[in-house]
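> Pasting a structure below so you can have a look.
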Amino acid sequence: MDDKQNSIRLLTGISNGSLEAFDQFYEVHVEFVLRITKSIIKDQAEAEDVCHDVFLEVYQNPQQYKEEKGSVKAWLAVKTRSRCLDRLRRKKPVLLNKLENLLTKQEIDAEMSVLSQLERETVLEALKYIPKEQQQVIYGAYFEGKTQSEMAKSLNRPIGSIKSLVRYGLKNLRKQNILLYWAEPSGGEKKHEI
1 MDDKQNSIRL LTGISNGSLE AFDQFYEVHV EFVLRITKSI IKDQAEAEDV CHDVFLEVYQ
61 NPQQYKEEKG SVKAWLAVKT RSRCLDRLRR KKPVLLNKLE NLLTKQEIDA EMSVLSQLER
121 ETVLEALKYI PKEQQQVIYG AYFEGKTQSE MAKSLNRPIG SIKSLVRYGL KNLRKQNILL
181 YWAEPSGGEK KHEI
């Protein structure tokens with residue numbers, strides 16, 4: 001059984017009240033969630049608190065995960081990021097404004113870093129549904145670590161064309177199955193784009 005199917009099986013067990021399933025789910029995903037919390041919230045204790053909040057929410061509402069809307073890891077990543085930002089909003093409004101307004105002169109690089117947080121398999125699957133040239137530049141940048149200059153040279157295209165292909169490729173990826181949903185604490189669903 002692959003990791004995705006195992007995680008779905010464990011979520012089903014949690015829904016049925018199995019503490020053993022929750023313990024296993026926690027063990028499988030705690031490092032992943034903690035890595036995200038530590039990258040957003042620099043304070044170790046705060047990051048651990050948010051991590052525990054995320055798992056408490058999973059335990060209380062495992063049915064929030066919807067298989068057709070993405071992988072378990074992507075769902076956890078979005079949920080974790082959201083809880084981190086909630087914590088920052090309560091703690092440090094000024095810092096949050098800086099985080100939320102992080103669009104810099106390196107806009108494409110920032111978008112690529114967001115893309116890098118998605119699971120490799122989700123991105124690879126979504127790449128199948130965008131135009132070939134966009135596939136090439138997204139794959140080159142994300143999976144091969146090529147610079148835009150290197151891609152421009154290897155594809156014999158101007159750097160401006162490469163930048164446009166990256167931008168349109170990311171836009172088209174968003175149109176693919178990379179729209180993620182998660183339930184808000186109030187119980188309603190909110191749509192978030194990555």
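The sequence shown maps to residues 1 to 194 in the UniProt record's numbering. Backbone N, C-alpha and C fix where the C-beta goes; we use that ideal spot for every residue, glycine too. Note that the structure is a prediction, hence the values are computed from the model and not measured.
With burial defined as no fewer than 16 other Cβ atoms inside 10 Å of the residue's Cβ, what is the status of S15: buried or exposed?
Classification for S15: exposed.
> Identify whether P62 lies in helix, strand or coil by the three-state DSSP scheme.
DSSP places P62 in helix when its eight states are reduced to three.
> State the Cα-Cα distance for the pair V50 and F22, rounded to the nearest angstrom.
Spanning the two alpha carbons is a distance of roughly 17 Å.
> Touch check for the region 165–173 and the region 124–140: three-plus C-beta pairs under 8 Å?
These segments touch.
> Can you give the Cα-Cα distance for A40 and K132, rounded to whole angstroms?
In the sequence as displayed, the identity of residue 40 is Ile instead of Ala. Looking at the two C-alpha atoms, the distance is approximately 34 Å.
> From Y142 to Q63, what distance separates their C-alpha atoms?
So the alpha carbons of these two residues sit roughly 32 Å apart.
> My assumption, with CB atoms under 8 Å, is that F25 sits in contact with L11. Please give the rounded CB distance.
Rounded, the Cβ-Cβ distance is 7 Å, consistent with contact.
> State the CB to CB distance for the pair S71 and K4, rounded to an integer number of angstroms; the pair is presumed to be in contact (CB under 8 Å).
That pair is a contact at about 6 Å.
> Cβ of I8 within 8 Å of Cβ of E67?
Taking 8 Å as the Cβ cut-off, I8 and E67 qualify as a contacting pair.
> Put Y129 into one of helix, strand or coil per three-state DSSP.
Reduced to three states, the DSSP call for Y129 is coil.
> What's the gap between the Cα of I36 and the Cα of D2?
If you take the alpha carbons of I36 and D2, they lie about 23 Å apart.
> Return the first residue and the last residue of the alpha helix (DSSP H) that D23 is part of.
First-last of the alpha helix (DSSP H) with D23: L19 to I40.
> Beta carbon of F32, beta carbon of L88: below 8 Å?
Contact flag unset, no.
> Do you know how far the Cα of L170 is from the Cα of G13?
Straight-line Cα distance between these residues: approximately 36 Å.
> Please report the residue range of the alpha helix (DSSP H) in which S7 lies.
Run containing S7: D3 to S15, per the alpha helix (DSSP H) assignment.
> Tell me the DSSP secondary structure of T80 in three-state form.
T80 falls in the helix class under three-state DSSP.
> Using 10 angstroms around the beta-carbon of L127, count the other beta-carbons present and answer buried if the total reaches 16, otherwise exposed.
Buried is the call here.
> Keeping to the same chain, check which residues put their C-beta closer than 6 Å to that of F55; ignore five residues upstream and five downstream.
Y26.
> Within a Cβ cutoff of 8 Å, which residues of the same chain sit near N6, ignoring the five residues on either side of it in sequence?
Only V28 meet the Cβ criterion.
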